[in-house]
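Chemist: So the sequences go chain by chain: L and C.
Residue numbering for the first sequence follows my numbering, starting at 1 and increasing by one per position.
Residue numbering for the second sequence follows my numbering, starting at 1001 and increasing by one per position.
Number of protein chains: 2
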Amino acid sequence: MAKIKDVAEAAGVSPSTVSRVLCNGPVSDKVRKRVEEAMRQLDYRPNLAARRLRSQHTDTIGLIVSDIRNPFFTAVSRAVEDEAYRNGMRVILCNTDENPDKEAMYLRLMQEERVTGVIFAPTRQTVANLDPAALGFPVVMIDRASRDVTTDAVVLDNRRAAAALVEHLLAQGYRDIAGVFGNTSSTGMERHAGFAEAMQQAGLPAPAQFVAPSVEAAEQAVLAMLAAEQRPRALVVSNGVLMLGAVRALKSAGLHWPQDVALAGFDNDVWTELLGDGLTVIEQPVGEIGRAAMAMLLERLDDAERSPRIVVLQGKLLARGSSAPVA
Amino acid sequence: MAKIKDVAEAAGVSPSTVSRVLCNGPVSDKVRKRVEEAMRQLDYRPNLAARRLRSQHTDTIGLIVSDIRNPFFTAVSRAVEDEAYRNGMRVILCNTDENPDKEAMYLRLMQEERVTGVIFAPTRQTVANLDPAALGFPVVMIDRASRDVTTDAVVLDNRRAAAALVEHLLAQGYRDIAGVFGNTSSTGMERHAGFAEAMQQAGLPAPAQFVAPSVEAAEQAVLAMLAAEQRPRALVVSNGVLMLGAVRALKSAGLHWPQDVALAGFDNDVWTELLGDGLTVIEQPVGEIGRAAMAMLLERLDDAERSPRIVVLQGKLLARGSSAPVA
DNA sequence: GGTGCAATTGAAATCGATCCCAATTTTTGT
DNA sequence: ACAAAAATTGGGATCGATTTCAATTGCACC
């Protein structure tokens, strides 16, 4: 494969000049034309590894999520990637499966890649132990964040959103409401807090289950709740993956919503509006989250000193059939 | 950030020796210990750009799909990535939106990255124009392939699968069956061929629509079909994205399946089993497709000369409520 | 025609690793 | 204990680009 020296010889100029053509440096039109022609002749492609080594910037960002198969992360990723490529950056995608060891491994990989920055949805455990300053690149957290604002982050107003679900269910006439929350992310904790708060405000108990973030775990947990002495009249579920488990549990228990159990949760996945009269969910602005994260990262790269900030976005309550008023 | 020279000095050895420690070269245990300790002290991270430049292998593969939000590609990607990382390779993910210009752009990027190989789901147009030999890296096509076996590929037995859907519908008593197919991929064409063939074998006409590969396009097309004079009694839909459009069209037209129109399609997306009594679909072995593609790529890297081959995987018919026998 | 200044161009160092080859040390065999 | 063989180590070139700095060219103006 042709290198810059070959192009230089073919065009009768020095490698420096070819490089200048590549980087839009000062070159006379005549020479630029000749060089470009030579590049075409030789089908020249700059070697990005060499360029990165010499120029000391990789124009690459890392995107570390738990599982790209979770539609929330799929959508966010797509937005991040579009935005990144628009800004001339590549994306390295990593799936951690909510496993702190994998998180550490990928962070290490990001260091070896000398990435420009990282967008990261960490587990609670990693949030607690991580010192982003020691990493050598800026980090923007998404979906999850530490309580104190020490790292840039883009998150949903989780407490408000969870409370909004509760308030909605209360307004529809439900009282016996139970919650199911993911146990690995700060998001699950926040949503639980909002849930508990709103229930307490209504003077109601707030029974809650914390489960591993998988469909199967949620299905098992919900099946158990449904089989219990005091079956809840409504369920608040803290994300789309768990909601899928809940729906499966209801189906296999032969129960119907909202007649037997009302449902309300998070993430407006495509199927939620198709199920019966629709599932009531908080829709997250997934595209905006991805774009905001990328924008924050770019701003941070512009100014390493500016104080960290958290962008809090609001969810949108989509009230649908699964939380119809109590008959 | 520390470099190899710093580590060498700290450990009192030459850079060559440090490099050997990194690459498991021949080093005495004593020295290896010292070097490793120095690395820990300095929090050393090898610079992958430098390593790639010098060693002339990037251990990076490109994964080019149309849209990661399509659950089929999401699942395949996840399998590819797991398999890649397991083999010590990174993945660069690209979304082309079935746009040949983007495809060309990303292929060019892959050349600049000097990737080891590429796994690619190309549009028909690109399949027709592309000369994989000129790219400089091996390509394994997934989901789609050229008719003649000139490039490694992993595909479904699309004709058989589509025919299986038709045969199933016929067996259930349906006769007026129409098809909806994507118009940008060879996959759509193959599935149409299988559909048409099976219908012809039954002595039936095979009305078909070709649409852009988006939910909206499918929804519009299906709405039109449903409003036509002769509404079909059953629909074969060529992938999960289009199926979503079809379901939406039925819903908004106030029609029910299978009573008004039976449905059968591809891709066992999570929601297909939840809708009513379930949607009849051909399940693709998504994980296997990703793993097989990665395995093929590795074999090809091992032996550039072996003759190209196509791995054809079989889909699995999941007969569910949407194609219940005609009453 | 010569001078001064800006615009182009080229030479050579450099980024941080790997790798070839030669030098050195250690091990082995007798 | 000594020579030969094997194992380990170091020196220095190299991968393919960018970047600094100096040299050259072109042009305007006196």
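By construction, the Cβ of each residue, glycine as well, lies at the ideal position given by its N, Cα and C atoms.
Quantities reported herein were computed from a predicted structural model and do not represent experimental measurements.
For the beta strand (DSSP E) holding L/F137, just list the boundary residues, first then last.
Modeler: Per DSSP, L/F137 belongs to no beta strand (DSSP E) and is neither H nor E.
Chemist: Among all the DSSP beta bridges, which residues are the ones paired with C/K1316?
Modeler: Answer is C/E1283.
Chemist: Answer yes or no: does any C-beta atom of chain L fall closer than 9 Å to that of C/W1257?
Modeler: So, not an interface residue.
Chemist: Please list the segments of the beta strand (DSSP E) lying wholly inside the stretch 1229-1275 of chain C, counting only runs of 3 or more residues, in order along the chain.
Modeler: Taking only runs of at least 3 residues, the beta strand (DSSP E) segments lying wholly in the stretch 1229-1275 of chain C are 1234-1237, 1262-1266.
Chemist: Would L/R238 be called buried (16 or more neighbouring beta carbons within 10 Å of its own) or exposed?
Modeler: The identity of residue 238 of chain L in the sequence shown is Ser, whereas the question assumes Arg. Buried is the call here.
Chemist: Which residues in chain L have a C-beta closer than 7 Å to the C-beta of C/P948? List them in chain order.
Modeler: Given that chain C is displayed from residue 1001 to residue 1327, the structure contains no residue 948 of chain C and the question cannot be resolved.
Chemist: Counting contacts by CB-CB distance shorter than 9 Å, is C/R1291 in contact with chain L?
Modeler: Answer no: the Cβ-Cβ gap between C/R1291 and chain L never drops below 9 Å.
Chemist: Check each residue of the stretch 60-80 of chain L: if its Cβ is closer than 7 Å to any Cβ of chain C, include it; give the result in chain order.
Modeler: So the list reads I68, R69, T74, A75, S77, R78, given in the order they occur along the chain.
Chemist: What separation, rounded to the nearest whole angstrom, lies between the Cα atoms of C/L1255 and C/P1232?
Modeler: The straight-line gap from Cα to Cα measures roughly 12 Å.
Chemist: Identify the contact partners of L/T58 in chain C, using a Cβ-Cβ distance below 8 Å as the criterion.
Modeler: Neighbours of L/T58 on chain C, chain order: A1049.
Chemist: Nearest CA to the CA of L/N47: which residue from L/A38, L/E37, L/Q41, L/T58?
Modeler: Out of L/A38, L/E37, L/Q41, L/T58, L/T58 has the C-alpha closest to the C-alpha of L/N47.
Chemist: Count the other CB atoms, across all protein chains shown, that sit within 10 Å of the CB of C/C1094; report buried if there are 16 or more and exposed otherwise.
Modeler: Under this definition C/C1094 is a buried residue.
Chemist: Unbroken alpha helix (DSSP H) runs of length 4 or more, entirely within the stretch 38-98 of chain L: which are they?
Modeler: Fully enclosed alpha helix (DSSP H) runs of 4 or longer: 48-55, 71-86.
Chemist: According to DSSP, what are the bridge partners of L/V222?
Modeler: Note: L/V222 sits in no beta bridge, so no partner.
Chemist: For C/D1269, would you say it is in contact with chain L, using Cβ-to-Cβ distances shorter than 9 Å as the test?
Modeler: Yes - at least one Cβ of chain L is within 9 Å of the one on C/D1269.
Chemist: With respect to 8 Å, is the separation between the Cβ of C/R1291 and the closest non-hydrogen atom of the ligand GTP below this value?
Modeler: In the structure shown, the ligand GTP is absent, as is every other ligand, since no ligand is present at all.
Chemist: For the alpha helix (DSSP H) containing C/V1326, list its first residue and its last residue.
Modeler: Note, C/V1326: premise wrong, no alpha helix (DSSP H); not H, not E.
Chemist: Out of C/A1295, C/L1244, C/S1016, C/R1320, which one is the CA nearest neighbour of C/N1087?
Modeler: For C/N1087, the nearest C-alpha among the options comes from C/A1295.
Chemist: Given C/L1244, which residues of its chain have a CB within under 7 Å of its CB, disregarding the five upstream and five downstream residues?
Modeler: Here the set comprises V1215.
Chemist: Per DSSP, which one or two residues make a beta bridge with L/G101?
Modeler: Note that residue 101 of chain L corresponds to Asp in the displayed sequence, not to Gly. According to DSSP, L/D101 bridges with nothing at all.
Chemist: Just to confirm the assignment, what range does the alpha helix (DSSP H) spanning C/A1128 have?
Modeler: Unbroken alpha helix (DSSP H) run through C/A1128: 1124-1129.
Chemist: Which residue or residues does DSSP assign as beta-bridge partners of C/G1117?
Modeler: For C/G1117, which the question treats as bridged, DSSP gives the partners C/I1061.
Chemist: According to DSSP, is C/L1204 helix, strand or coil?
Modeler: Coil.
Chemist: DSSP state of L/Q209, grouped into three classes?
Modeler: Note: L/Q209 maps to strand in three-state DSSP.
Chemist: For C/M1294 and chain L, any beta-carbon pair shorter than 9 Å?
Modeler: No - not a single Cβ of chain L is within 9 Å of the one on C/M1294.
Chemist: Residues of chain L with CB closer than 9 Å to the CB of C/L1274, please, in chain order.
Modeler: The contacting residues are L244, V247, R248, K251, W271, L274, L275.
Chemist: For C/G1188, I'd like the list of residues in its chain whose CB is within less than 6 Å of its CB, leaving aside the five on either flank, ordered along the chain.
Modeler: Closer than 6 Å at the Cβ level, and outside the excluded window around C/G1188, lie F1181, G1182, S1238.
Chemist: Give me the chain C residues within the contact set of L/R34, using Cβ-Cβ distance strictly less than 9 Å, ordered along the chain.
Modeler: None at all; the shortest Cβ gap to chain C is about 22 Å.
Chemist: Taking only beta-carbon positions, decide if C/D1082 is within less than 9 Å of chain L.
Modeler: Chain L contact via Cβ: present.
Chemist: With DSSP as the reference, please indicate the residues paired to C/G1290 in a beta bridge.
Modeler: Its beta-bridge partners do not exist; DSSP assigns none.
Chemist: Going along chain L, which residues have a C-beta under 8 Å from C/L1053?
Modeler: Those are N47, A49, A50, L53, listed as they occur along chain L.
Chemist: Which residue comes first and which comes last in the alpha helix (DSSP H) that contains C/A1161?
Modeler: Per DSSP, C/A1161 belongs to the alpha helix (DSSP H) from 1158-1171.
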